[in-house]
Amino acid sequence: MAHQWTLILKSIPAGCLILLLFISCIRSISCIRSQSWHDSQDVLGKPRNERRLWSEEVKHPLDPLTSAEYMNVQSVLREASLLGGYRQVLISVDLDDPLKDEVLAWKPGTPVPTRHAEVVMTIDTKPRKIIVDVSGSGRIVENKEIPGSGYPALSEEAENATAYLPATYQPFLDSIAARGIAIDDVYCEAASPGWFNVSAEENRILVYLLCYDTKGTANVYMRPLEGVTIAVDATEMKIIRYLDVLKAPMPTSKGTDYRFAAQKGPFLTFSKPGVIEHPSFTLDGHIVKWAGWEFHVRPNLRSQNVISIVKKDGRSVMYQGFVSEVFVPYQSATTDWYWRTYMDAGEYNLGFLSLPLQPLNDCPRGATFMNATFAAGPDGSPYVTDNLICIFERYAGDIAWRHAEDLPVGDIRESRPKMTLVVRTIASNGNYDYIFDWEFQTDGIIRVKVEATGVLEISANAMKYVNEANMTKAEIDKMYGTLISENTIGVFHDHFFSFHLDMDVDGPNNSFVEGKLVKHLIPPEKSLRKSRWGLEKYVAKTEDEARIQINPIEHPAQYYVMNPSKKTRLGNQVSYRLVPSGVAPSLLDPSDYPQIRAGFTKNQVLYVNDMQTDVDTYHQKKM
Numbered sequence: 001m002a003h004q005w006t007l008i009l010k011s012i013p014a015g016c017l018i019l020l021l022f023i024s025c026i027r028s029i030s031c032i033r034s035q036s037w038h039d040s041q042d043v044l045g046k047p048r049n050e051r052r053l054w055s056e057e058v059k060h061p062l063d064p065l066t067s068a069e070y071m072n073v074q075s076v077l078r079e080a081s082l083l084g085g086y087r088q089v090l091i092s093v094d095l096d097d098p099l100k101d102e103v104l105a106w107k108p109g110t111p112v113p114t115r116h117a118e119v120v121m122t123i124d125t126k127p128r129k130i131i132v133d134v135s136g137s138g139r140i141v142e143n144k145e146i147p148g149s150g151y152p153a154l155s156e157e158a159e160n161a162t163a164y165l166p167a168t169y170q171p172f173l174d175s176i177a178a179r180g181i182a183i184d185d186v187y188c189e190a191a192s193p194g195w196f197n198v199s200a201e202e203n204r205i206l207v208y209l210l211c212y213d214t215k216g217t218a219n220v221y222m223r224p225l226e227g228v229t230i231a232v233d234a235t236e237m238k239i240i241r242y243l244d245v246l247k248a249p250m251p252t253s254k255g256t257d258y259r260f261a262a263q264k265g266p267f268l269t270f271s272k273p274g275v276i277e278h279p280s281f282t283l284d285g286h287i288v289k290w291a292g293w294e295f296h297v298r299p300n301l302r303s304q305n306v307i308s309i310v311k312k313d314g315r316s317v318m319y320q321g322f323v324s325e326v327f328v329p330y331q332s333a334t335t336d337w338y339w340r341t342y343m344d345a346g347e348y349n350l351g352f353l354s355l356p357l358q359p360l361n362d363c364p365r366g367a368t369f370m371n372a373t374f375a376a377g378p379d380g381s382p383y384v385t386d387n388l389i390c391i392f393e394r395y396a397g398d399i400a401w402r403h404a405e406d407l408p409v410g411d412i413r414e415s416r417p418k419m420t421l422v423v424r425t426i427a428s429n430g431n432y433d434y435i436f437d438w439e440f441q442t443d444g445i446i447r448v449k450v451e452a453t454g455v456l457e458i459s460a461n462a463m464k465y466v467n468e469a470n471m472t473k474a475e476i477d478k479m480y481g482t483l484i485s486e487n488t489i490g491v492f493h494d495h496f497f498s499f500h501l502d503m504d505v506d507g508p509n510n511s512f513v514e515g516k517l518v519k520h521l522i523p524p525e526k527s528l529r530k531s532r533w534g535l536e537k538y539v540a541k542t543e544d545e546a547r548i549q550i551n552p553i554e555h556p557a558q559y560y561v562m563n564p565s566k567k568t569r570l571g572n573q574v575s576y577r578l579v580p581s582g583v584a585p586s587l588l589d590p591s592d593y594p595q596i597r598a599g600f601t602k603n604q605v606l607y608v609n610d611m612q613t614d615v616d617t618y619h620q621k622k623m
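So for the sequence shown, the UniProt record's numbering puts the first residue at 1; every next one is plus one.
Take a look at the structure:
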């Protein structure tokens, strides 16, 4: 499953200050045929010319925090008695972005502006944002409670510690004994239960546990303890609610192990893959240069990476872009499923979920890998995630441009191969792996491509065959899933991906434009044609006018970010065209609590003027 967003060059590339959230949806209704995974040593051999970037030197205002800066934050918090105390839970530490005007005014080679770290934590279950000066003063410049009703992402401590609670909880031990499962074969993982306006859950940080039988397979998600609900107060570290409402047969482990060693041939044999051995892009710190493109890339705890200060041929295109949220609502409403309406970025932090990329398998030969330094755990100690980001040139045999003619003066055959530059990250959140590619083309196009892979999260069921109980079509439709194997239902669900794009098309003075494709009738006396269509452009004057629900069938349109103060040599307004694909509306009722929380899915494009917002620093329950 793959979807992509594209910024297409309209006239000549240029720039803007605008927040755009794009919503893309992957709707899963059945099982896709799985393919074998290949071991790099057995199939392709050892990587050559492998490069890594892990710079602890700050060369740019947007460079990530260094280990020394993380240690500085740790020291400041300890001195202020804000670390490791009673009901003090550290959630995240990351760079607090300097003001945009300061970044744009900064010149390479000059001292960077004062650097700050943003600390998100909870004190007595109340979320707080703390800003620490890490440039030398070592002081707290801001310490305030985050308003609203939301909570930050789950802490590493909550995810790890709560998973062990069922092992000593007698009702759970009775449940697995009744199923004939040994405690040594049980694996539990923490999940966020969302928000359902339950008064007893207010002001509590809750974790729900999902438990599986690991016997006979590494694919634990195919063997769930169906019907078991375990609610944990992550502050008190105790189970506060336990239900076991269904005794469904445990699906077999046979044929579920996805590891390469467990597969049976025949296998695809790679001959000599097309490989770029000597990449032509350059890296200076975190600045990437390639084919007229220049941009800054840095690791980020919440969104994995942030692409900033994007220029093409010296002209500004985008100030900043990153994944802002991933909303995954499952469609089963049973006791142990209704709450599975995940916010993968806000509830778990995509960067925290990232494991090292594998050379050759995750990224091709010639790729450059970028390590990331993050801070986590109760004391905020820094740690390194190797190979969080890879950067590589892609040539897949595609054509960038072609034209051919058969003319009296001779045949013309002109073709240009398509070469692109890719910045890739992969987040592994439970059963799903999300592949995010920022792809830069030589013609000025930026593509944002998302692929969802991994394994299914299934519901165990007594059914072995769809017609086993002589089910009617209506009964089958009400399964809210597909029977993909004996006793195994793949539950219907969505993946809504939203992206924050702060466009700077030829500078920060930008406007959002909707170009409506409108049918025009032609009078009979004017032409033998009866109709044609034209493009009528409307500049959004308010944020409400720039909240777009894309409907290409009934309301075809094109969307632009335009610089009203810049024109091309022909007099056209300089702009970038936004080309969404894979868009879909949420089908949840507006009054449904998951939809209230994920209200941004109502529109596929949102324009926001104010960039100084706390929305992306913590997870909100209510929109």
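From the three backbone atoms N, C-alpha and C, an ideal C-beta is built for every residue, glycine too. Please read all numbers here as calculations on a predicted model, not as lab measurements.
Cα-Cα separation between residue i and residue j, rounded to whole angstroms
i, j, result
"residue 404", "residue 415", "8 Å"
"residue 616", "residue 346", "Because residue 616 carries a pLDDT of 40, less than 50, the predicted location of this residue cannot be relied on, and no value is offered for it."
"residue 436", "residue 298", "14 Å"
"residue 499", "residue 327", "12 Å"
"residue 322", "residue 425", "11 Å"
"residue 599", "residue 95", "28 Å"
"residue 131", "residue 379", "17 Å"
"residue 217", "residue 385", "27 Å"
"residue 485", "residue 377", "40 Å"
"residue 296", "residue 308", "5 Å"
"residue 339", "residue 592", "12 Å"
"residue 194", "residue 365", "41 Å"
"residue 229", "residue 73", "38 Å"
"residue 374", "residue 534", "51 Å"
"residue 97", "residue 59", "15 Å"
Collapsed DSSP secondary structure at residue i in the structure displayed
i, result
"residue 74", "helix"
"residue 148", "coil"
"residue 556", "coil"
"residue 127", "strand"
"residue 254", "coil"
"residue 192", "coil"
"residue 608", "strand"
"residue 173", "helix"
"residue 47", "Unreliable placement is indicated for residue 47, whose pLDDT of 40 sits below 50; the coordinate value is still reported in the next sentence. Looking at residue 47 - three-state DSSP - the assignment turns out to be coil, as it is neither helix nor strand."
"residue 597", "helix"
"residue 162", "helix"
"residue 463", "coil"
"residue 342", "strand"
"residue 220", "helix"
"residue 352", "coil"
"residue 476", "helix"
"residue 92", "strand"
"residue 267", "coil"
"residue 375", "strand"
"residue 247", "coil"
"residue 200", "helix"
Where residue i falls, given that 16 or more other Cβ within 10 Å makes a residue buried
i, result
"residue 81", "exposed"
"residue 178", "exposed"
"residue 64", "buried"
"residue 330", "buried"
"residue 68", "exposed"
"residue 497", "buried"
"residue 151", "buried"
"residue 117", "buried"
DSSP bridge partner residues for residue i (one or two, in chain order)
i, result
"residue 358", "Looking at the DSSP assignment, residue 358 forms no beta bridge with any residue, so it has no partner."
"residue 310", "318"
"residue 588", "BP columns for residue 588 are empty, so no partner."
"residue 417", "399"
"residue 511", "562"
"residue 231", "208 and 241"
"residue 519", "533"
"residue 289", "282 and 294"
*Does the region 286-303 touch the region 339-356, meaning 3 or more C-beta pairs lie closer than 8 Å?*
yes
*Are the region 563-581 and the region 499-519 touching, with three or more C-beta to C-beta distances below 8 Å?*
yes
*If we count Cβ pairs, one from each stretch, closer than 8 Å, do we get three or more for the region 219-234 versus the region 456-471?*
Output reads yes: the region 456-471 touches the region 219-234.
*Specify whether the region 131-148 and the region 161-181 touch according to this definition: at least 3 beta carbon pairs, one from each stretch, less than 8 Å apart.*
no
_Three or more C-beta pairs below 8 Å linking the region 201-210 and the region 231-239_ = Because the criterion of three Cβ pairs below 8 Å is met, the region 201-210 and the region 231-239 touch.
*Check whether the region 247-260 touches the region 108-116, taking contact to mean three or more Cβ pairs, one atom from each stretch, closer than 8 Å.*
no
*Counting Cβ pairs, one atom from each stretch, are 3 or more of them under 8 Å apart for the region 186-193 and the region 155-165?*
With the cut-off at 8 Å, the region 186-193 and the region 155-165 touch.
*Touching or not, the region 514-523 and the region 549-560, by the rule of three or more beta carbon pairs under 8 Å?*
Result yes; three or more Cβ-Cβ pairs closer than 8 Å.
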